[in-house]
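J.:
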Amino acid sequence: MDKKIIVITGASGTGKTTISKYLQDTYHIPSVITHTTRLPRDGEKDGKDYYFETKDSFLKNHYLEKVEYSGNWYGSSEESLNRTWDKYNAASIVVDTKGAVSYKEKYKEAAVVIFLEVDLDTVTKRLSKRGDDKKRLKARISSDEFLRDLQIPRELETKSYKIINKSLQTTLESVDEILKNENIK
1 MDKKIIVITG
11 ASGTGKTTIS
21 KYLQDTYHIP
31 SVITHTTRLP
41 RDGEKDGKDY
51 YFETKDSFLK
61 NHYLEKVEYS
71 GNWYGSSEES
81 LNRTWDKYNA
91 ASIVVDTKGA
101 VSYKEKYKEA
111 AVVIFLEVDL
121 DTVTKRLSKR
131 GDDKKRLKAR
141 ISSDEFLRDL
151 QIPRELETKS
161 YKIINKSLQT
171 TLESVDEILK
181 NENIK
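Counting along the sequence shown from 1, when you hit position 122 you're at 122 in full-length UniProt numbering, and nothing is skipped either side.
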């Protein structure tokens, strides 16, 4: 079987992490571990939750996408994906739409992109249920990145699967169908 990377993308609150967890729990498809320069939170382990890096060590990897957020760097590297592919035929990763385009350009057919879409009203309700502070929530949903991630990028329109995530059960059935289409077990 060819190696596959399932790239899950969409705006915050569309269900990306839920789908990643479903792939892990149901199909034993692990998430690619990403890198960060932020300090570990209580209970987080290096090599499990993230690869915790210094600013210097962070720069030594080859990133498919990286972003600076609140003074810390986050990114997904070719090295981490290759480590996962050494043990598994398929892996998943949650990235923003810009990152999804990078994965598709680099890995072509090996990158199975799933774009999750939800209407703005539903996303806003989901994010406020998470307990996000109202002021931060408002800033987040009006940010350029959030608005960009609400739409499937032009570069991915004909090269990805789009799921409108209104019902979790229907969404999971769609994910099952995609895995069958892509011959991922």
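C-beta: ideal position from N, C-alpha, C; glycine also.
1. Cα separation between T17 and K3?
2. V32 bridges to which residues according to DSSP?
3. So, for Y63: in the same chain, excluding its five sequence neighbours on each side, which residues have a beta-carbon less than 6 Å away from its beta-carbon?
4. Is the Cβ-Cβ distance between K55 and T26 less than 7 Å?
5. Would L116 pass as a contact of T14 if the rule is Cβ separation under 7 Å?
6. Grab me the residues of Q9's own chain with a C-beta within less than 6 Å of its C-beta, minus the 5 sequence neighbours each way, in chain order.
7. Leaving out five residues on either side along the sequence, give the residues of the same chain with a beta carbon under 8 Å from the beta carbon of F146.
8. Would the beta-carbon of P30 fall within 7 Å of that of A91?
9. Identify the residues that DSSP records as bridge partners of N72: which are they?
10. Name the two residues that bound the continuous alpha helix (DSSP H) containing E157.
11. Cutting at 8 Å between CB atoms, please list the residues of its own chain near V175, excluding the five before and the five after it.
T.: So, to answer that:
1. 21 Å
2. DSSP, once it has assigned bridges, lists no residue as partnering V32.
3. G75, S77
4. no
5. yes
6. Residue identity differs from the one stated: residue 9 is Thr in this sequence, not Gln. V95, T97, A100, F115, listed in sequence order.
7. A11, S12, R140
8. yes
9. Y69
10. Unbroken run through E157: none, as it is neither H nor E.
11. I19, Y22, L23, I114, I163
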